[in-house]
Each structure stands twice: as structure tokens, then as C-alpha cells.
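Read through the structure below, which is laid out as C-alpha cells, and then see the notes.
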Amino acid sequence: MLRSSDKAGMSRRRLLKSVAASGGVIAAGAFDGQARANGENLPPNVADWSKYLGDGVDARPYGMPAEYEKDVIRRSVRWLTASTESSVNFTPLHELEGIITPNGLCFERHHAGIADVNPRDYRLMINGLVDKPMIFTLDDIKRFPRTNKIYFLECAANSGMEWRGSQLNGCQYTQGMIHCVQYTGVPLKLILDEAGLRTNAKWVMAEGGDASGMNRSIPLEKALYDCLVAFKMNGEALRPEQGYPVRLVVPGWEGNMWVKWLRRLEVGDKPWHTREETSKYTDLMENGKSRRFTWVMDCKSVITSPSPQAPITHGKGHTVISGLAWSGQGTIERVDVSLDGGRNWDAARIDGPRLHKALHRFYYEFDWDGSPLLLQSRAIDSIGYVQPTKAELRTARGTNSIYHNNGIQTWHVMKTGEVENVEVS
Ligand code: MTE
Ligand code: CO
Numbered sequence: 092m093l094r095s096s097d098k099a100g101m102s103r104r105r106l107l108k109s110v111a112a113s114g115g116v117i118a119a120g121a122f123d124g125q126a127r128a129n130g131e132n133l134p135p136n137v138a139d140w141s142k143y144l145g146d147g148v149d150a151r152p153y154g155m156p157a158e159y160e161k162d163v164i165r166r167s168v169r170w171l172t173a174s175t176e177s178s179v180n181f182t183p184l185h186e187l188e189g190i191i192t193p194n195g196l197c198f199e200r201h202h203a204g205i206a207d208v209n210p211r212d213y214r215l216m217i218n219g220l221v222d223k224p225m226i227f228t229l230d231d232i233k234r235f236p237r238t239n240k241i242y243f244l245e246c247a248a249n250s251g252m253e254w255r256g257s258q259l260n261g262c263q264y265t266q267g268m269i270h271c272v273q274y275t276g277v278p279l280k281l282i283l284d285e286a287g288l289r290t291n292a293k294w295v296m297a298e299g300g301d302a303s304g305m306n307r308s309i310p311l312e313k314a315l316y317d318c319l320v321a322f323k324m325n326g327e328a329l330r331p332e333q334g335y336p337v338r339l340v341v342p343g344w345e346g347n348m349w350v351k352w353l354r355r356l357e358v359g360d361k362p363w364h365t366r367e368e369t370s371k372y373t374d375l376m377e378n379g380k381s382r383r384f385t386w387v388m389d390c391k392s393v394i395t396s397p398s399p400q401a402p403i404t405h406g407k408g409h410t411v412i413s414g415l416a417w418s419g420q421g422t423i424e425r426v427d428v429s430l431d432g433g434r435n436w437d438a439a440r441i442d443g444p445r446l447h448k449a450l451h452r453f454y455y456e457f458d459w460d461g462s463p464l465l466l467q468s469r470a471i472d473s474i475g476y477v478q479p480t481k482a483e484l485r486t487a488r489g490t491n492s493i494y495h496n497n498g499i500q501t502w503h504v505m506k507t508g509e510v511e512n513v514e515v516s
């Protein structure tokens, strides 16, 4: 037994050595401190953590990630953050796998900071073109039949800083205004039906309870189709950042419409033309006119690793490309990957659930010969829409836009394995 474990130890040691020889930083953090310097924790020695008892069950009543994962956090961009109360931070996409975003890592976008709502005093009011104006408590909402759905939320401004050229170094910043969680909530239709819609009802205005009172007009057809009044995310109560105790879920449509701290629904016969659907979240076209009501988030994808914050550290050889694709129109039919800036394409492997209006995970495995790469991914959705290049987007929309940038992202992988954000023409 001794001999066989010693053998295993030897081969493991050789493996670690070859990682170190190729300049890998894979082991950093995992084998820290003095023991690491001396190699005392490495086979064939018995590691420290195998010698002592660990924390007991009362040490962590609410679990947190391992201390070695402390850099896996939401981050903001200093020059983009005029005030922390009206700003954005970004999901660390380069560190995540699968399709679900952990609650503590979902990007945040607030117009007036995080409202501190006491659930006992929470009320949802419905007025306008309804038979019975109503006010619901949180308990009232929880007595409607509920459903569980996994959806992505993408801010219309995601990738907005990249309209005029590549700018930010990392998919956390270039594509990180997105998250995907499982919501538990009540179909908005059930709540509207309870109040009774008048025959001339055509629009619903959703209003937030934060100090911005952020509000948006939603066509009734969408409100009745798949919107949810949600109170849980990934099984637990919504986080304060995400609208605790209740937010609106508007599947596949721009994040701005997913009103947080939802306090009022007004039913009307025309849109309200609120600030967020006129001066903001419209697309300034080449001819100087603004395109309004671009609700659907079109098909998009990004390679999350390798990427500028997740370089290749193992040198040449077998390499795994991991990425995300999504479409506000439905599911993802196919994702192609290019290693040479879009000249040649090869189909990636979509892995895991393929759910409507949710993130999809894809992988592409290949043998890297160590030469520079121009990595791209291109998604095609269930209505046959193909993710455009940035040049195609600019031809269609000019260069004045900010919102709704779903162009193909290019990562330049250097010989060293480092990665930078570039554009190919
Ligand atoms: N709802 C209210 N009440 N206040 C807000 O500032 N921001 C909107 C939307 N709903 C906002 C809001 C924007 S622009 C986006 S992109 C999403 O919430 C962000 O949701 P998140 O913070 O859960 O990521
Ligand atoms: Co937004």
C-alpha cells in the first residue's frame, strides 16, 4: 500500500512540476504559506489539512466561498462609476461555470442605491384600467400559485462601452452585466386577473419602490405571456441588491424593465414614455433619430475562458474553451468557435440545460500549438438569428449607439497565454 501511494505521489509530483515548468500559476493560492514553500503539503507528505480537525457545523451558519476564492467578486470600473448609488458592477463571468449565477455574484445596477425594504411594510398596488384597484402584502402574493423559471437578465448597456472599439480588458467588464438565476414567483397574469383588466387595457407600467421610482411601460401582451412577480432567486429570498422582497421578471427583455423593489403596477391604454424609455435605453441611429422600445435582447455569446482575466497558464497542449450564449428570443441552436478571427469556424459543444431565455454553456476543446490566436464565438438562436460581427452592427446602426451591443467578441491570445480585448476588421 505504501509503495502504491508513493508511486501515485511521484506521478502527481511530476505533473505539478510540469505545470510549474510551463509557467503555470495553477497552484498559487491553493498551496499557500510556509508549508507550500517547503513543499510540505505535497505528496508523498501528508498535507496539513489532513492532520487536524476542521471547523464544526456551528462555525458557518451561512456558508461562504473558500478563502482562496476571495478574488471572485463583482467589480466596478472606476471611471464609469460617477456615484456608487447610481452605477453598476459586473459579474465575474470568467470564474463561473454552468449556467446559474450564484446570488452573491449577480451584477448590480441601481439608479438610487439599494432600497432597504422591510417586508412587513411591503405593499404592491395595482391601479388604472382595472375593475378593482388592489393593494397586496407579501403574504398575499405568496398565496397565488407559483412557478420556478430560470432566466437570464442582461442590461441593455452590456457591452455598451465597446461600441466604438475594444476598450475594457476582461469579459467581466465587456459582457458582465448579465446574470442567470432560478426565480420563484407568481405569473403577472394571475395578479392582473385578480384586479380584473378593463377591455381597453393595453399597457402595464411597473414602478420601483427605491428613491429613483424607476418605471417602465410593458405591453399587456408580454405582461400576460411570461412575466413573473418574483420573490425568490436560486431558492432563497431575493437579495436586497436584486430587489428584495419583490421584483418583476421580464424574460428575454432588457434588464431595465425588470423593476426591482416593485411597488406599483398601473394598467393603461398607452405607454407612459418614462425617462427610462425615452432619454435612456433608446438607440441613437446614424441619422440622428432614436430607436425606441428595443425590448428583446438579441442572441449573443462570449468566450469566458480563456479571456483577459483568465489567461492560459498551462502552455501548449490540450486546452478547454468555455463560454456562454443566450437569446431573448428563445434557446440557442448552435455556437461556433473561431481560433483565427472569424476565417474558419467549428461547432462548439453545448453542455447542460438548453432553456428558453436562459444562459447556455458551451465548450470547445482543442490542442493549442502555442501560436497566437484570435478567439471568437458566434451564436445562432432558435429563430435562426445569427449573432452579428461588430462591423455588421455598425453598418446597421452607426457608431452613436450605446445600448443593445450583441456583436462578436474577439480575444487575442498571445504566445505567453495572456489574453487581450481586440477587434478584427
Ligand atoms: N429597478 C429599480 N427599481 N431601480 C433600478 O435602479 N435598475 C434596472 C433594473 N431594475 C433598476 C431597476 C436596470 S438598468 C437593470 S439592468 C436591472 O434592474 C439590474 O438588475 P440587477 O441589479 O438585479 O442586476
Ligand atoms: Co440596465
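In this note's numbering, the protein residues as written are 92 to 516. Glycine residues also receive a C-beta, built at the ideal position from the N, C-alpha and C atoms.
inquiry  = Quick check: is any heavy atom of the ligand CO less than 7 Å from the C-beta of N347?
reply    = Along the sequence shown, read from residue 1 onward, the residue named residue 347 stands at position 256. Result yes, Cβ under 7 Å from the ligand CO.
Heavy atom of the ligand MTE within 7 Å of G299 beta-carbon = Taking the sequence shown and counting its residues from 1, the one referred to as residue 299 is at position 208. Yes, Cβ of G299 sits closer than 7 Å to a heavy atom of the ligand MTE.
query = Taking the alpha-carbon positions, what's the D231 to T373 distance?
reply = Counting from 1 along the sequence shown, the entry for residue 231 is found at position 140. Counting from 1 along the sequence shown, the entry for residue 373 is found at position 282. Taking the straight line joining both Cα atoms gives about 36 Å.
query = With respect to 7 Å, is the separation between the Cβ of F227 and the closest non-hydrogen atom of the ligand MTE below this value?
reply = In the sequence shown, counting from the first residue as 1, residue 227 sits at position 136. For F227, the distance from the CB to the nearest heavy atom of the ligand MTE is not below 7 Å.
inquiry  = Between which residues of its own chain and K108 is the CB-CB distance below 7 Å, once the five residues before and five after are set aside?
reply    = On the sequence shown, position 17 is the one that residue 108 refers to. The pLDDT assigned to K108 is 36, lower than 50, so where the model puts this residue is not dependable; a value taken from the coordinates is nonetheless given after this. Apart from sequence neighbours up to five positions away, no residue of its chain approaches K108 with a beta-carbon distance below 7 Å.
query = Where V411 and S429 are concerned, what is the direct C-alpha to C-alpha distance, given to the nearest angstrom?
reply = As a first step, residue 411 must be located in the sequence shown, where it is residue number 320. As a first step, residue 429 must be located in the sequence shown, where it is residue number 338. Straight-line Cα distance between these residues: approximately 14 Å.
inquiry  = Going by DSSP, what residue range makes up the beta strand (DSSP E) through D442?
reply    = Numbered from 1 along the sequence shown, position 351 holds the residue referred to as residue 442. R440 to D442 is the extent of the beta strand (DSSP E) around D442.
inquiry  = I need the straight-line Cα distance from K142 to S516, nearest angstrom please.
reply    = The residue you call residue 142 lines up with position 51 of the sequence shown. The residue you call residue 516 lines up with position 425 of the sequence shown. So the two alpha carbons sit approximately 57 Å from each other.
query = Hey, V513 and S398: beta-carbon distance below 8 Å or not?
reply = Taking the sequence shown and counting its residues from 1, the one referred to as residue 513 is at position 422. Taking the sequence shown and counting its residues from 1, the one referred to as residue 398 is at position 307. Between V513 and S398, the gap from beta carbon to beta carbon reaches 8 Å or more.
task = Could you say if the region 391–410 and the region 490–505 meet the contact criterion of at least three C-beta pairs nearer than 8 Å?
result = They touch, by the three-pair rule.
task = Please determine, among L464, A439 and L446, the residue with the shortest C-alpha to C-alpha distance to F453.
result = One-based indexing of the sequence shown puts residue 453 at position 362. Cα-wise, what sits closest to F453 is A439.
Opening and closing residue of the beta strand (DSSP E) in which L466 lies = Locating residue 466 in the sequence shown gives position 375, where the first residue counts as 1. For L466, the uninterrupted beta strand (DSSP E) segment begins and ends at L464 to D472.
task = Tell whether a beta-carbon distance below 8 Å holds between G300 and R354.
result = Residue 300 sits at position 209 when you count from the first residue of the sequence shown. Residue 354 sits at position 263 when you count from the first residue of the sequence shown. Their beta carbons are under 8 Å apart, which means G300 touches R354 by this criterion.
inquiry  = Taking 7 Å as the cut-off, is the C-beta of R289 nearer than that to any heavy atom in the ligand CO?
reply    = Along the sequence shown, one-based indexing puts residue 289 at 198. Between the ligand CO and R289, a heavy atom-to-CB distance of less than 7 Å is absent.
task = Rounded to whole angstroms, what's the CA-CA distance from T490 to W502? Just pull it up for me.
result = Here residue 490 refers to the residue found at position 399 when the sequence shown is read from its first residue. Here residue 502 refers to the residue found at position 411 when the sequence shown is read from its first residue. Between the alpha carbons of T490 and W502 lies a distance of about 21 Å.
query = Helix or strand or just coil, what does DSSP make of Y476?
reply = Here residue 476 is taken as the residue at index 385 of the sequence shown, counted from 1. In the three-state reduction of the DSSP assignment, Y476 falls in the coil class, being assigned neither a helical nor a strand state.
ask   = If you draw a straight line from the C-alpha of C318 to the C-alpha of W254, how long is it?
value = Numbered from its first residue, the sequence shown carries residue 318 at position 227. Numbered from its first residue, the sequence shown carries residue 254 at position 163. Roughly 30 Å separates the two Cα atoms.
ask   = Does the Cβ-Cβ distance between L288 and L244 come in under 8 Å?
value = As a position in the sequence shown, residue 288 is number 197, starting the count at 1. As a position in the sequence shown, residue 244 is number 153, starting the count at 1. In this structure, L244 does not lie closer than 8 Å to L288 by Cβ.
query = For I232, does the three-state DSSP call read helix, strand or coil?
reply = Looking up residue 232 in the sequence shown gives position 141. In the structure shown, I232 adopts helical secondary structure according to DSSP, grouped into three states.
message = For a test of the three-state rule: what should DSSP assign to R237, helix, strand or coil?
response = Position 146 of the sequence shown holds residue 237. R237: coil per DSSP, three-state reduction.
query = Between Q400 and the rest of its own chain, which residues show a CB-CB distance below 7 Å, the 5 nearest in sequence each way excluded?
reply = Residue 400 sits at position 309 when you count from the first residue of the sequence shown. Same-chain partners within the cutoff: H185, G261 and Q263.
key: Distance, E377 Cα to W170 Cα   = Along the sequence shown, one-based indexing puts residue 170 at 79. Along the sequence shown, one-based indexing puts residue 377 at 286. Roughly 27 Å between the two C-alpha positions.
query = Can you tell me where the alpha helix (DSSP H) with R214 in it begins and where it stops?
reply = In the sequence shown, residue 214 corresponds to position 123, counting from 1. First-last for R214: undefined, no H or E at that position.
query = Out of curiosity, what's the CA-to-CA distance linking M324 and N136?
reply = Residue mapping note: residue 324 aligns to position 233 of the sequence shown, counting from 1. Residue mapping note: residue 136 aligns to position 45 of the sequence shown, counting from 1. Distance between the alpha carbons of M324 and N136: 43 Å.
key: Contact test: R200 Cβ vs the ligand CO heavy atom, cutoff 7 Å   = Within the sequence shown, residue 200 is the residue found at index 109, counting from 1. Distances from the CB of R200 to the heavy atoms of the ligand CO include at least one below 7 Å.
query = Which of helix, strand or coil does DSSP assign to V515?
reply = As a position in the sequence shown, residue 515 is number 424, starting the count at 1. DSSP places V515 outside both helix and strand once states are collapsed to three, so it counts as coil.
query = Would you say the beta carbon of A314 comes nearer than 7 Å to a heavy atom of the ligand CO?
reply = Position 223 of the sequence shown, counting from 1, holds the residue named residue 314. Result no, Cβ not under 7 Å from the ligand CO.
ask   = Between K161 and L484, what straight-line distance do the alpha-carbon atoms span, to the nearest angstrom?
value = By 1-based counting over the sequence shown, the position of residue 161 is 70. By 1-based counting over the sequence shown, the position of residue 484 is 393. Looking at the two C-alpha atoms, the distance is approximately 37 Å.
inquiry  = Could you check if Q333 belongs to the surroundings of the ligand MTE, using beta carbon to heavy atom distance under 7 Å?
reply    = The residue labelled residue 333 in the question sits at position 242 within the sequence shown. Because some heavy atom of the ligand MTE lies under 7 Å away, the Cβ of Q333 counts as near it: yes.
task = Round the Cβ separation of S308 and W294 to the nearest angstrom and send it over; I've been treating them as touching at under 8 Å.
result = What you label residue 308 is simply residue 217 of the sequence shown in a count that begins at 1. What you label residue 294 is simply residue 203 of the sequence shown in a count that begins at 1. About 5 Å; that satisfies the 8 Å criterion.
request  = Look up G299 in the DSSP assignment and say whether it is helix, strand or coil.
outcome  = Translated into the one-based positions of the sequence shown, residue 299 becomes position 208. Under the three-state reduction of DSSP, G299 is assigned to strand.
message = Using only CA atoms, which one of Q273, P134 and D146 lies nearest to P444?
response = Position 353 of the sequence shown, counting from 1, holds the residue named residue 444. P444 has its Cα closest to that of Q273, out of Q273, P134 and D146.
task = May I ask which residues mark the beginning and end of the alpha helix (DSSP H) holding Q263?
result = Along the sequence shown, one-based indexing puts residue 263 at 172. C262 to T265 is the extent of the alpha helix (DSSP H) around Q263.
message = Considering just the uninterrupted stretch of the alpha helix (DSSP H) at T486, what are its terminal residues?
response = Numbered from its first residue, the sequence shown carries residue 486 at position 395. T486 -> alpha helix (DSSP H) spans K481 to R488.
ask   = Using 8 Å as the threshold, is the region 467–479 in touch with the region 268–285, meaning 3 or more CB pairs across them?
value = Cβ pair count under 8 Å is below three, so no.
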